[in-house]
Every structure is written in C-alpha cells, then in structure tokens.
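For reference, the structure discussed in these notes is given below.
Chains as they are written, first to last, in the numbering used here: chain A, 88 to 345; chain B, 88 to 345.
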C-alpha cells in the first residue's frame with residue numbers, strides 16, 4: 088500500500104498563493120469532504136449561459152469496488168441532491184460524464200490581527216474535480232445511499248426502515264464522480280502581524296488580537312410530533328456528543344500553530 | 088420604496104424542484120449571504136479546461152453609491168480572497184466583467200425520518216449570479232474593506248489600526264459583483280414521512296424521528312501570544328454572545344414549520 092498518496096498537480100489544481108497552506112494529500116482532502124454537511128457542486132454553463140451552475144449537495148467519499156478502502160486511498164465521490172434534467176442528460180449521455188468541481192470549506196476560527204489586512208480565518212477547504220455519471224445499478228445505489236445516510240448520522244441507516252422499496256430506488260438519483268484532481272488548504276494558528284505594527288505601543292495597547300474558535304454544534308435532538316420512541320436512542324446521543332466534542336476540539340486545536 | 092423586491096426569474100435561476108421552498112426575495116437571499124462566513128465562488132472553465140474554477144471567498148452585500156441601502160434593496164456583492172491572475176485579467180479587461188456564481192448554504196438541522204429517502208436537512212441556501220470587476224478607486228475599496236472586516240466581527244474595523252497604508256491598499260484586491268439574478272431555498276420543520284410507513288407499528292416503534300438542531304458556535308476568544316489588552320473588549324464579547332444566541336435560536340426555531 089502506497090502511503091501519503093497525493094493528487095497529481097495539474098494546471099487547474101496547483102495552488103499558487105499561500106502554498107505552504109496547501110495540501111494534495113488524499114486523506115486530508117477526503118476528510119474535509121466527509122465532515123462537511125453540504126458541498127457546493129459547480130457545472131459548466133449551459134448553452135447561451137455565461138454563469139456556471141452551482142448547487143448545494145450532500146457528498147461522501149467511497150469505493151463500490153473496494154468498500155474497505157480507507158480515506159487515504161483513491162475514492163469516488165457520491166453525490167445526492169437535485170440535478171436538473173439537462174445536467175442529468177449530459178452526465179448520462181456523454182462518454183466521460185459531466186465535468187464538475189466540488190468545494191467544501193470548514194471555518195475553525197476568526198483570526199483577529201492588529202490591522203484588517205492581516206485578519207484571516209482558520210479553515211480547512213477542499214476542492215475536487217472530476218466527471219459525474221449517474222449510478223445505474225441497484226447494488227451500487229444501495230451502497231451509496233447507506234454511505235450518505237450514515238454520513239448525516241453514524242449508524243442511522245440500520246436504524247431506519249430499510250431497504251428502500253422499488254419506488255424509492257427509482258426516484259433516487261445518485262451521481263458518482265470519478266476524481267481527476269484535488270487540492271486542499273488548511274490554515275491554523277494565531278494572527279501574523281507585521282513588525283511595523285507590532286513595534287508601535289499606541290497600536291498594540293489599543294487592539295485586541297487573538298482567535299475566536301468556531302465550530303458546528305449540535306443541540307439535543309427534538310422528537311417529531313409523530314415520534315413514538317420515548318428515549319433518544321444511544322447511537323444518536325453518542326453521535327451528537329462525539330461530533331460536538333470532535334468539532335470543538337478541532338477549533339480549539341487550530342488556535343495553535345501546527 | 089418598493090417592498091419585497093424580488094430577483095427576476097430567468098432560465099438559470101428558476102427553481103424547479105420543491106419550489107414551495109424557493110424564494111426570490113432580496114432580503115432573504117442577501118441575509119443568507121451576509122451571515123455565511125465563506126461563499127463558494129465559481130467561474131467558467133479556463134481554456135482547454137472542462138472544469139469550472141471554484142474558490143472559497145469572503146463576501147458581503149453592499150452599495151457604494153447608496154451606503155444606507157438596506158438588505159431588501161438592490162445591492163452588489165463585494166468579494167475578498169485570492170483570485171488567479173488569469174481570472175483577474177478577464178474581470179478587468181472584459182467590458183461586462185467575469186461571470187461568476189456565488190453559493191452560500193447554512194445547515195440548521197438534521198431531519199431524521201422513518202426512511203432514509205425522507206431524511207433531509209433544515210437549511211437556508213442562496214445562489215447569486217453576476218459580473219465581477221475589480222474595485223479600482225481607493226474610496227470604494229475602503230468602503231468594501233470596512234464592510235468585509237465588520238462582517239467577520241461587528242465593529243472590528245474601528246477597533247483595529249486603520250486606515251490601511253498605501254502598500255496595504257495596493258495589495259488588496261476586492262471584486263464587486265453586479266448581480267443579475269438570484270434565488271434562495273429555505274427548508275424548515277420536522278420530517279415528512281409517508282402514510283405507508285407511518286401506519287405501520289413495527290416501523291414507528293423502532294425508528295426515532297425528529298430534528299437535531301445545528302448551528303455555528305463561537306467559543307470564548309483566545310488571546311494571541313503578543314496581545315497586550317488584558318480583558319476581551321466589550322464589542323467582541325457581545326458579538327460572540329449575540330451571534331451564538333442568534334444562530335442557536337435560528338436552529339431551534341427551524342425545528343417548527345414556518
């Protein structure tokens with residue numbers, strides 16, 4: 088097994104700025120995608136259209152051929168969400184599929200410096216580019232549906248009414264993106280001010296500098312009106328607690344330089 | 088003043104699915120953009136490139152000509168972040184500017200239903216499309232820099248070393264996007280299951296249904312190593328407290344149908 092596999096650097100994914108923050112590491116990039124609730128998926132403009140299409144979708148990395156593959160190995164991205172019939176037709180009918188760019192960004196902190204220009208975010212961002220095709224076998228669709236459901240809440244799939252019936256299978260569209268290239272950017276640490284400001288007392292005695300850690304928090308689950316289960320199930324309470332702890336720790340750890 | 092101004096419905100922004108969730112209301116869409124830390128900005132593919140470019144950027148709605156304009160009025164979107172020299176050249180040299188699509192999505196809850204197919208997020212998402220040009224006067228650049236800084240933390244600008252010096256002014260690039268069209272989608276409420284599942288005790292007695300509220304939380308500010316201000320300033324503690332309360336309330340309110 089090759090370790091620390093990296094995406095190839097091509098013209099469109101080679102980071103030019105702050106490239107000490109850049110990464111091509113598969114595991115780092117795939118982790119960002121898998122822990123982001125919503126990806127933004129961009130497609131080329133349609134006929135007579137100057138603007139690219141862009142949509143929020145749920146996405147998760149996986150391999151139908153090698154389900155045991157881990158995050159540091161080559162994976163596809165499975166996407167779920169509404170795709171217009173025009174885009175679906177292109178995805179289905181073209182040999183390679185529909186070219187798409189996926190973006191995921193997590194903010195870990197507000198970095199407050201002496202001057203507005205040195206302000207920043209602590210963040211983790213990832214972009215993947217590849218060709219999207221609709222999944223056409225029921226086996227692969229089921230594999231992807233389970234992966235997507237368990238991305239939202241770990242172990243949720245087996246705690247719902249499964250398998251989906253025929254109508255549900257037919258009405259669900261999943262896109263599989265074969266990844267061509269990818270890149271990530273990670274910024275951690277406190278503010279970096281310039282000596283011209285740091286050496287002036289009238290500035291440093293006036294401006295507070297530091298980091299406000301930011302993370303995605305879950306509140307206690309609220310039962311629906313028709314829910315009949317009295318206690319929130321253990322898999323859900325522990326998912327909520329573990330995700331909160333994990334997200335909060337990431338934000339607090341990002342305050343320090345790596 | 089025209090109230091409830093809406094973006095025109097054109098081919099590329101007319102929502103086709105779940106359109107009861109759709110909105111074209113300027114205030115609703117601009118609010119989503121302004122409360123989202125990072126936008127994803129998509130540009131058309133470059134020469135010999137199938138994939139659109141997509142970048143995380145900070146963006147905020149504003150009007151240099153009518154600074155007092157409120158969120159329900161026509162506004163530009165000011166963007167800050169790294170844009171490649173190729174894109175910058177197109178933005179500067181073409182008459183209309185660079186066509187861009189901006190996306191912002193906030194997740195307010197995990198909506199857990201009896202079947203995976205009925206799972207959903209509570210969310211607010213917005214897409215804007217328009218033409219980007221670099222801001223070229225110092226006056227407008229200053230206006231936008233203040234707007235962007237105060238989007239990150241309210242009142243931060245006046246509590247830092249300002250104004251930016253000449254080097255800082257020259258090195259900062261701000262894009263102004265003239266908006267052509269926009270649309271938003273808002274989903275609130277609990278799960279919607281189908282009668283075929285709701286009427287079966289062996290399902291409803293096994294599957295917990297409801298909503299896990301989700302929101303972006305701020306932790307207590309952590310001073311930098313060089314910070315000299317002993318107490319966290321009031322504008323910052325109150326911004327942290329108010330943002331936490333506002334975000335949390337939004338997530339909890341979204342549990343109920345509008």
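Quick reminder that beta carbons are idealized off the backbone N, C-alpha and C, glycines included.
How many Å lie between residue i and residue j at the Cα?
i, j, result
"residue 294(B)", "residue 148(B)", "43 Å"
"residue 305(B)", "residue 223(A)", "43 Å"
"residue 165(A)", "residue 249(B)", "47 Å"
"residue 268(A)", "residue 288(A)", "47 Å"
"residue 238(B)", "residue 112(B)", "21 Å"
"residue 279(B)", "residue 211(A)", "34 Å"
"residue 335(B)", "residue 108(B)", "21 Å"
"residue 168(A)", "residue 146(A)", "9 Å"
"residue 343(A)", "residue 311(B)", "9 Å"
"residue 96(A)", "residue 217(A)", "14 Å"
"residue 92(A)", "residue 92(B)", "51 Å"
"residue 135(A)", "residue 202(B)", "40 Å"
"residue 174(B)", "residue 219(B)", "10 Å"
"residue 301(B)", "residue 194(B)", "6 Å"
"residue 179(B)", "residue 207(B)", "41 Å"
"residue 320(A)", "residue 240(B)", "38 Å"
"residue 253(B)", "residue 285(A)", "18 Å"
"residue 246(A)", "residue 199(A)", "44 Å"
"residue 283(A)", "residue 290(A)", "10 Å"
"residue 184(B)", "residue 130(B)", "11 Å"
"residue 123(A)", "residue 236(A)", "14 Å"
"residue 94(B)", "residue 156(B)", "16 Å"
"residue 233(B)", "residue 172(B)", "24 Å"
"residue 256(A)", "residue 117(B)", "37 Å"
In three-state terms, what does DSSP make of residue i?
i, result
"residue 333(A)", "helix"
"residue 274(B)", "strand"
"residue 181(B)", "coil"
"residue 88(A)", "Any reading at residue 88(A) needs caution, since the residue's pLDDT is 48, under 50, leaving its predicted position unreliable; the model's value is listed next. Residue 88(A) falls in the coil class under three-state DSSP."
"residue 338(B)", "helix"
"residue 176(A)", "helix"
"residue 186(B)", "strand"
"residue 203(A)", "helix"
"residue 327(A)", "helix"
"residue 93(A)", "strand"
"residue 267(B)", "strand"
Here's the rule: buried if 16 or more other CB atoms are within 10 angstroms of the residue's CB, otherwise exposed. What is residue i?
i, result
"residue 110(B)", "buried"
"residue 337(B)", "buried"
"residue 196(B)", "buried"
"residue 333(B)", "exposed"
"residue 88(B)", "Low local confidence applies: a pLDDT of 48 at residue 88(B) is under 50, so the model's placement there is unreliable, with the coordinate-based value given in what follows. Exposed, because fewer than 16 other Cβ atoms sit within 10 Å of the Cβ of residue 88(B)."
"residue 303(B)", "buried"
"residue 101(A)", "exposed"
"residue 176(B)", "exposed"
"residue 258(B)", "exposed"
"residue 317(B)", "exposed"
"residue 228(B)", "buried"
"residue 186(A)", "buried"
"residue 209(B)", "buried"
"residue 324(A)", "exposed"
"residue 204(B)", "buried"
"residue 188(A)", "buried"
"residue 182(B)", "exposed"
"residue 345(A)", "exposed"
"residue 154(B)", "exposed"
Taking the CB atoms as reference points, tell me whether residue i and residue j lie closer together than 8 Å.
i, j, result
"residue 138(B)", "residue 230(B)", "no"
"residue 271(A)", "residue 115(A)", "yes"
"residue 274(A)", "residue 163(A)", "no"
"residue 215(B)", "residue 261(B)", "no"
"residue 128(B)", "residue 299(A)", "no"
"residue 190(A)", "residue 141(B)", "yes"
"residue 297(B)", "residue 308(A)", "yes"
"residue 315(B)", "residue 292(A)", "yes"
"residue 125(B)", "residue 143(B)", "yes"
Counting along the chain, where does the alpha helix (DSSP H) carrying residue i start and finish?
i, result
"residue 288(B)", "288 to 291"
"residue 228(B)", "225 to 239"
"residue 304(B)", "No alpha helix (DSSP H) holds residue 304(B); the beta strand (DSSP E) holding it covers 297 to 305."
"residue 120(B)", "113 to 121"
"residue 258(B)", "253 to 258"
I need the boundaries of the beta strand (DSSP E) containing residue i, first residue and last residue.
i, result
"residue 220(B)", "207 to 221"
"residue 282(B)", "No beta strand (DSSP E) contains residue 282(B), which is instead part of the alpha helix (DSSP H) from 282 to 285."
"residue 102(A)", "Premise fails: residue 102(A) is in no beta strand (DSSP E) and is neither H nor E."
"residue 130(B)", "126 to 130"
"residue 162(A)", "Where residue 162(A) is concerned, there is no enclosing beta strand (DSSP E), given that its DSSP letter is neither H nor E."
"residue 145(A)", "140 to 149"
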